[in-house]
Amino acid sequence: MPNSNQPAILVLQDGHVFYGKAFGKIGTTTGEICFNTGMTGYQEVFTDPSYYGQVLIMNNVHVGNYGINAEDLESETVKIRGLIGRNLEDKYSRYKATDSMDNYLKANNIVGIEDIDTRALVAHIRTKGAMNCIISSDILDVDKLKAQLAEVPDMDGLELASVVSTDKEYELGDPSAPLKIAVLDFGVKKNILTCLAERGAHVRVHPAKTPLSRLKEFNPDGYFISNGPGDPAAMPYAVETLKEILEEKKPIFGICLGHQLLALANGIPTFKMHHGHRGLNHPVKNIISGRCEITTQNHGFGVLPEAVKHHDNIEVTHVNLNDESIEGIRLKDRPAFSVQYHPESTPGPFDSRYLFDEFIEMMKAN
Amino acid sequence: MPKDNSIKSVLIIGSGPIIIGQACEFDYSGSQAARSLREEGIKVILINSNPATIMTDPMMADKVYLLPLTVESIEQILEENDIDSVLPTMGGQTALNLCKEADELGVWKKYNVRLIGVDVAAIDTAEDRDKFRQLMFKIGVKVAPSHVANSFLEGKEYAQEIGFPLVIRPSFTLGGTGGGFVHKKEELDEALQRGLKASPIHEVLVEKAVLGWKEYELELLRDQNDNVVIICTVENLDPMGIHTGDSITVAPAMTLSDKAFQDMRNQAMLMMRSLGNFAGGCNVQFALNPETEELIAVEINPRVSRSSALASKATGYPIAKIAAKLAIGYSLDELKNQITKTTSAYFEPALDYVIVKVPRWNFDKFKGSNDTLGLQMKSVGEVMAIGRSFTEAIQKACQSLENEAVGLGYYGKSMMKSEDLIEYIKVPKWDRIFRIKDALMQGVTVKTIVQATGIDRWFIYQIQEICRIEKEISHHSLENLPAELLKEAKKHGFSDEQIARILHSNTTEDEVYERRKSLGITRVYKMVDTCSAEFEAKTPYFYSSFEN
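The structure is reproduced here in structure tokens:
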């Protein structure tokens with residue numbers, strides 16, 4: 001329930017128009033529309049850099065119930081470009097909460113719209129696929145909005161990782177720790193770094209375009225290739241760096257975008273998915289151990305399954321039990337592996353945290 | 367792991383007569399299980415003493431025995447049939463207890479029948495309060511400070527040690543029978559005696575009461591490969607101290623952060639995995655300290671429960687049907703989601719609606735009975751409503767109670783003054799939710815209500831929203847009722863009759879209906895599809911709502 005009854009409009013690239021009420025900042029925003037089926041963890045999702053450039057539909061019908069706080073952040077600022085919901089709540093209840101979602105979105109300049117039939121909207125996106133959209137609470141002329149929407153670039157081919165990457169290097173964890181990990185930051189989630197550091201590693205985070213020579217100055221025992229937004233195929237700089245890193249034959253672990261980049265560095269193409277996987281309930285099977293994991297996912301691109309299966313040096317380690325898409329790969333001739341999903345979760349299940357342990361073990365064994 | 371082909375003929379134990387705490391839910395689970403096993407080509411023999419059930423229809427099983435639920439009956443059935451396995455997890459605590467009794471007498475061994483789905487050790491651990499506590503201690507899951515007492519004197523001694531308020535929980539009983547709160551010393555003797563008497567093994571747990579903590583329930587499934595999924599998270603609107611069966615419950619959890627939820631999920635999985643040999647459905651209850659988000663495990667039920675029937679309907683995920691398949695050896699990743707038919711049964715349902723369950727009591731038929739709610743379940747039924755918001759769902763539920771309520775928004779005018787209402791709602795009774803609304807209508811603050819009831823303020827804010835709309839409507843007549851307001855009211859679950867009554871001046875339900883129809887404010891129908899519309903659903907069911 002917003003505190004104002006100001007109208008707002010959502011227009012999709014295919015011309016569909018939805019009417020609702022303003023939430024968050026009064027203004028206009030654009031981006032690629034996507035949906036997340038998770039029922040908890042909205043603040044972590046809003047601040048996940050992989051959502052940069054996305055206008056997000058929350059399928060869960062009440063969002064904002066437990067307010068926001070200073071802990072549940074995956075980066076310092078809100079990364080989604082806009083928010084769409086059925087009931088976005090400004091009244092909240094949690095001892096740990098410091099503010100309402102409405103104020104938080106206003107402070108972060110995020111335009112939202114509520115009172116939308118999100119179920120109908122999600123079914124539409126599921127059928128028609130990902131597309132751009134515009135939300136406005138200050139321009140209520142649909143034709144004007146359509147004109148503005150036409151100017152928005154397509155996500156396919158868009159490089160966004162360097163926009164959300166850190167500008168400066170920074171370090172985490174115990175500097176005297178026996179293991180050192182060099183992180184290539186394409187929009188890394190805070191909890192990934194925490195998961196590495198709390199396993200006894202000293203971590204240095206580097207801007208997206210850092211050359212291998214600089215990474216090597218840290219004398220790392222392993223390299224971590226982060227998650228992030230945008231099209232991996234638009235990142236030849238990162239693919240080149242990763243090819244060089246592979247030659248080092250040191251352990252490599254990639255998550256999400258990092259997984260796609262590892263595939264690209266091995267000549268496996270990526271593709272834009274119909275409408276992506278976003279939520280906390282995606283079933284994945286580890287085909288090496290036979291165990292299943294409920295995973296957090298957030299990706300609109302994937303690696304081409306056929307190319308993976310025909311590659312001599314790459315082995316599939318994880319598959320999606322819903323659509324059989326590739327969820328994890330490893331190289332046969334060197335210690336490098338990656339997953340499409342988010343083992344650090346936040347929000348989401350802890351089922352896949354063992355992957356961080358495996359990475360640590362890999363570095364110890366190397 | 368594929369199906370175990372050595373299982374050819376299964377005995378399903380029903381739950382017996384309908385009593386408070388054990389009603390048609392187990393008929394539902396037993397019927398589902400019978401169907402699920404028979405579609406695998408397994409012969410199903412069923413025993414239940416209650417003929418007024420669907421599960422005992424001749425077509426549900428290969429053979430149905432309408433016999434008392436005793437070990438003698440079991441022996442008779444085993445004598446007359448070639449049965450290799452027994453599935454005791456579908457008939458509630460009654461079936462588990464019978465199965466345990468038969469095991470102790472060596473019946474299963476004698477006839478070479480094996481238990482599937484659960485083993486006796488797991489039943490024991492879950493039901494024996496002391497074993498449960500010891501296991502929790504071993505795996506590092508917190509429980510409320512408590513002591514097991516086998517005698518009146520022991521109980522008194524522990525009560526002094528733990529201090530008041532405390533809870534008396536008898537072992538091996540159903541629906542909390544014989545359990546209760548003890549707020550002060552004077553109440554102790556009676557409560558202890560009642561508890562010990564209710565327990566078939568003369569054993570009670572004397573436990574510190576965590577009054578005011580929030581209560582949650584998780585429904586889980588586990589397969590033989592140790593894969594575990596959470597099917598549903600249910601939040602009790604009423605805080606700890608009221609039996610779940612007597613609480614208004616909501617799914618998905620409304621006021622739970624991801625951190626708190628994942629903590630709960632991790633602990634529930636740890637508890638379930640440490641319970642020994644177990645494949646099927648399980649229910650775990652937690653209390654959460656709202657200030658610190660610290661958790662306490664309340665109990666674990668290694669069987670399909672009353673709540674799993676609700677969770678199945680709430681999510682679309684057929685827990686009993688899948689649990690039966692897991693009991694015969696399948697793993698979750700080998701099975702398909704029964705609603706989409708294309709995606710995996712190994713997943714966790716996502717909801718894009720709100721479920722509200724409101725219990726139905728019959729105190730008017732039992733004049734003089736104590737109508738204060740507590741640890742012993744008193745409701746005789748329940749309604750479940752689905753809406754696209756909490757307000758819509760709770761109003762729909764209230765409309766379905768078959769009492770005089772036509773929604774939460776209208777239930778007569780309260781004759782009580784604010785001060786009396788505030789006092790009244792301090793004690794949980796069947797009409798508390800209506801009186802909370804009355805108090806809000808009279809301008810009592812959210813804070814005061816939260817202090818009086820311990821109910822999370824988020825829910826009170828939502829009820830306040832219902833009050834706001836009701837007040838706005840009352841300023842109008844049907845002719846000048848703005849279309850926007852009418853639409854808003856419908857979205858918040860107001861029934862046409864309810865709106866007519868608020869408008870007064872002899873407005874009828876039909877007139878409201880005609881008015882809104884002429885304005886194009888009509889129902890839309892939404893699917894319960896397990897997946898928040900992410901995938902196309904093949905066998906969904908629907909609920910109605912109002913959308914822009």
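Protein chains in written order, with our numbering: chain E, 1 to 366; chain X, 367 to 914.
For every residue, glycine included, the Cβ atom is placed at its ideal position computed from N, Cα and C.
**Item:** Residue environment, residue 368/X, which counts as buried when at least 16 other CB atoms sit within 10 Å
**Value:** Residue 368/X is exposed by the Cβ-count criterion.
**Asked** Nearest to residue 113/E by alpha carbon, out of 45/E, 83/E, 94/E and 52/E?
**Response** Comparing Cα-Cα distances from residue 113/E to each of 45/E, 83/E, 94/E and 52/E, the minimum goes to 83/E.
**Message:** So, does the segment 383 to 403 of chain X touch the segment 354 to 363 of chain E, judging by three or more C-beta pairs under 8 Å?
**Reply:** No, the segment 383 to 403 of chain X is not in contact with the segment 354 to 363 of chain E.
**Item:** Integer Cβ distance of residue 72/E from residue 44/E, believed to fall under 8 Å
**Value:** With 8 Å as the limit, residue 72/E and residue 44/E qualify as a contact, their Cβ atoms being about 5 Å apart.
**Interface residues of the segment 50 to 79 of chain E facing chain X [CB-CB below 7 Å]** = Taking a C-beta cut-off of 7 Å against chain X, the contacting residues of the segment 50 to 79 of chain E are 59, 60, 61, 62, 65, 66 and 72, listed in chain order.
**Message:** What residue range does the alpha helix (DSSP H) around residue 191/E cover?
**Reply:** The continuous alpha helix (DSSP H) containing residue 191/E extends over residues 190 to 197.
**Request:** Could you tell me whether the Cβ atoms of residue 118/E and residue 900/X are closer together than 9 Å?
**Result:** Against a cut-off of 9 Å, the Cβ pair of residue 900/X and residue 118/E comes out as no contact.
**Asked** Mind checking if residue 897/X is an interface residue toward chain E, Cβ cutoff 9 Å exclusive?
**Response** Interface residue, yes.
**Asked** Which residues bound the alpha helix (DSSP H) around residue 635/X?
**Response** The continuous alpha helix (DSSP H) containing residue 635/X extends over residues 624 to 639.
**Message:** Between the alpha carbons of residue 406/X and residue 589/X, how many angstroms are there, rounded?
**Reply:** Cα-Cα distance, rounded: 17 Å.
**Request:** Determine the DSSP secondary structure at residue 437/E, reduced to helix, strand or coil.
**Result:** This structure leaves residue 437/E out entirely; chain E is present only between 1 and 366.
**Nearest residue (CA-CA) to residue 162/E, options 210/E, 149/E and 34/E** = Per the C-alpha coordinates, the member of 210/E, 149/E and 34/E positioned closest to residue 162/E is 210/E.
**Contacting residues, own chain, Cβ-Cβ under 6 Å from residue 447/X (five flanking each side not counted)** = The beta carbon of residue 447/X sits closer than 6 Å to the beta carbons of 411 from its chain, once the five residues preceding and following it are set aside; these are given in chain order.
**Item:** the segment 441 to 465 of chain X: positions lying closer than 7 Å to chain E by Cβ
**Value:** For the segment 441 to 465 of chain X, which is checked against every Cβ of chain E, not one residue is closer than 7 Å.
**Asked** Looking at C-alpha atoms only, which residue of 153/E, 52/E, 46/E and 97/E is the closest neighbour of residue 70/E?
**Response** Taking only the C-alpha atoms, the option nearest residue 70/E is 97/E.
**Prompt:** Got a sec, what are the start and stop residues for the alpha helix (DSSP H) residue 459/X sits in?
**Reply:** Where residue 459/X is concerned, the enclosing alpha helix (DSSP H) stretches over 458 to 470.
**Message:** Could you tell me the alpha carbon to alpha carbon distance between residue 108/E and residue 557/X, rounded to whole angstroms?
**Reply:** Taking C-alpha positions only, residue 108/E is separated from residue 557/X by approximately 56 Å.
**Message:** Am I right that residue 6/E and residue 137/E are in contact with their C-beta atoms under 8 Å? What's the rounded C-beta distance?
**Reply:** With 8 Å as the limit, residue 6/E and residue 137/E qualify as a contact, their Cβ atoms being about 6 Å apart.
**Request:** Can you give me, in chain order, the residues of the segment 337 to 361 of chain E that have a beta carbon less than 8 Å from any beta carbon in chain X?
**Result:** Residues passing the 8 Å Cβ filter: 345, 346, 347, 348, 349 and 350.
**Prompt:** Are the C-beta atoms of residue 115/E and some chain X residue less than 9 Å apart?
**Reply:** Among the CB atoms of chain X, one or more fall inside 9 Å of the CB of residue 115/E.
**Message:** Can you confirm whether the segment 748 to 755 of chain X touches the segment 785 to 796 of chain X when touching is taken to mean that 3 or more C-beta pairs between the two stretches lie within less than 8 Å?
**Reply:** Contact fails between the segment 785 to 796 of chain X and the segment 748 to 755 of chain X, because fewer than three Cβ pairs, one in each stretch, are under 8 Å apart.
**Asked** Between which two residues does the alpha helix (DSSP H) carrying residue 952/X extend?
**Response** Only positions 367 to 914 of chain X appear in the structure, and residue 952/X is not among them; the question remains open.
**Prompt:** When you compare only the Cα positions, how much space is there between residue 795/X and residue 76/E?
**Reply:** Across the structure, residue 795/X and residue 76/E are spaced so that their CA atoms are roughly 46 Å apart.
**Item:** Collapsed DSSP secondary structure at residue 328/X in the structure displayed
**Value:** Residue 328/X is absent from the structure shown; chain X starts at 367 and stops at 914.
**Asked** Identify the residues that DSSP records as bridge partners of residue 336/E: which are they?
**Response** Looking at the DSSP assignment, residue 336/E forms a beta bridge with 252/E.
**Prompt:** Can you find a CB in chain B that lies within less than 9 Å of the CB of residue 658/X?
**Reply:** In the displayed structure, chain B is absent; the protein chains listed are E and X.
**Item:** Pairwise C-alpha distance: residue 551/X and residue 522/X
**Value:** Distance between the alpha carbons of residue 522/X and residue 551/X is about 10 Å.
**Message:** I'd like to know if the segment 18 to 32 of chain E and the segment 566 to 585 of chain X are in contact, where contact means that at least 3 CB-CB pairs between them fall below 8 Å.
**Reply:** A contact between stretches requires three or more CB pairs, one per stretch, nearer than 8 Å, and the segment 18 to 32 of chain E fails this requirement with the segment 566 to 585 of chain X.
**Prompt:** Should residue 543/X be flagged as near chain E, meaning a C-beta pair shorter than 9 Å?
**Reply:** Residue 543/X does not count as touching chain E.
**Prompt:** In chain X, which residues lie with their C-beta within 9 Å of the C-beta of residue 19/E?
**Reply:** Near residue 19/E (Cβ distances below 9 Å), the residues of chain X are 914.
**Asked** Which value, in whole angstroms, describes the spacing of the CA atoms of residue 435/X and residue 390/X?
**Response** Across the structure, residue 435/X and residue 390/X are spaced so that their CA atoms are roughly 17 Å apart.
**Asked** Taking only beta-carbon atoms, is residue 87/E less than 9 Å away from chain X?
**Response** So yes, residue 87/E belongs to the interface.
**Message:** Given a cut-off of 9 Å on the beta-carbon distance, is the pair residue 902/X and residue 708/X in contact?
**Reply:** Their beta carbons are under 9 Å apart, which means residue 902/X touches residue 708/X by this criterion.
**Message:** Against chain E, which members of the segment 801 to 823 of chain X pass a CB distance test of less than 8 Å?
**Reply:** Listed by position, the residues of the segment 801 to 823 of chain X near chain E (Cβ gap below 8 Å) are 822 and 823.
**Request:** Taking residue 757/X as part of the alpha helix (DSSP H), name the residues at either end of that continuous run.
**Result:** From DSSP, the alpha helix (DSSP H) with residue 757/X extends over 756 to 765.
**Request:** Taking only the alpha-carbon atoms, compute the straight-line gap between residue 573/X and residue 891/X and give it to the nearest angstrom.
**Result:** One C-alpha to the other measures close to 47 Å.
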